[in-house]
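Participant: Before I ask anything, here is the structure I am working with.
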Amino acid sequence: MGSSNAKSLRNFEIGVDHERMPEPIIRSLGILKKCDAKVIANRSTEILGHKRGGKFVHPNDHVNISQSSNDTFPTVMHIVAATEINPRLIPKLKQLHTSQLVNHSLKFQK
Numbered sequence: 534m535g536s537s538n539a540k541s542l543r544n545f546e547i548g549v550d551h552e553r554m555p556e557p558i559i560r561s562l563g564i565l566k567k568c569d570a571k572v573i574a575n576r577s578t579e580i581l582g583h584k585r586g587g588k589f590v591h592p593n594d595h596v597n598i599s600q601s602s603n604d605t606f607p608t609v610m611h612i613v614a615a616t617e618i619n620p621r622l623i624p625k626l627k628q629l630h631t632s633q634l635v636n637h638s639l640k641f642q643k
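Quick note on numbering: our numbering labels position 20 of the sequence shown as 553, and the sequence is numbered without any gaps.
Printed below as a string of structure tokens:
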């Protein structure tokens with residue numbers, strides 16, 4: 534697997550600077566993910582009747598199920614995009630489509 538990734542990097546412009554997410558954001562997302570897993574683990578432990586912080590539910594083993602951010606981050610971004618596109622972007626596009634600007638531009642197409 535590693536050798537095919539290296540070949541791809543040599544042959545294609547993958548991960549060039551303008552496509553990379555800034556490192557501070559990546560680190561911040563990792564910290565948030567770790568914190569969220571700890572909160573969920575603690576609350577799950579309490580719900581199951583154990584003392585908080587007792588590691589009855591482990592943040593990595595039970596909550597994240599040892600998934601890396603490479604697995605979870607793309608899924609989260611798709612969910613965020615869908616939840617923002619439907620209520621915010623699509624209504625604005627419909628508004629733009631029916632606006633005077635679009636009607637005015639049709640005059641120039643004739």
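No residue lacks a Cβ here, since even glycine has one placed at the ideal position from N, Cα and C.
#1: Could you have a look at Lys566 and say whether DSSP puts it in helix, strand or coil?
#2: What is the DSSP secondary structure of Phe641, reduced to helix, strand or coil?
#3: To the nearest angstrom, how far is the alpha carbon of Ala570 from that of Phe606?
#4: Once DSSP output is grouped into helix, strand and coil, what is the label at Thr632?
#5: Look at the alpha carbon of Thr616 and the alpha carbon of Ser577, and state the distance between them as a whole number of angstroms.
#6: Can you tell me whether Lys584 is buried or exposed, with buried defined as 16 or more other CB within 10 angstroms of its CB?
#7: Mapping DSSP to helix, strand and coil, what is Arg621?
#8: Indicate whether Asn575 and Gly582 have their beta-carbon atoms separated by less than 8 Å.
Facilitator: The answer reads as follows:
#1: Residue state, collapsed to three classes: helix.
#2: Here Phe641 carries a helix assignment [DSSP, helix/strand/coil].
#3: CA-CA distance, Ala570 to Phe606, rounds to 14 Å.
#4: Residue identity differs from the one stated: residue 632 is Ser in this sequence, not Thr. Ser632 carries a coil assignment under DSSP once its states are collapsed to helix, strand and coil.
#5: Thr616 and Ser577: Cα-Cα distance of roughly 27 Å.
#6: With fewer than 16 Cβ atoms within 10 Å of its Cβ, Lys584 is classed as exposed.
#7: Judged by DSSP in its simplified three-state form, Arg621 adopts helix.
#8: With contacts defined as CB atoms closer than 8 Å, Asn575 and Gly582 fail to qualify as a contacting pair.
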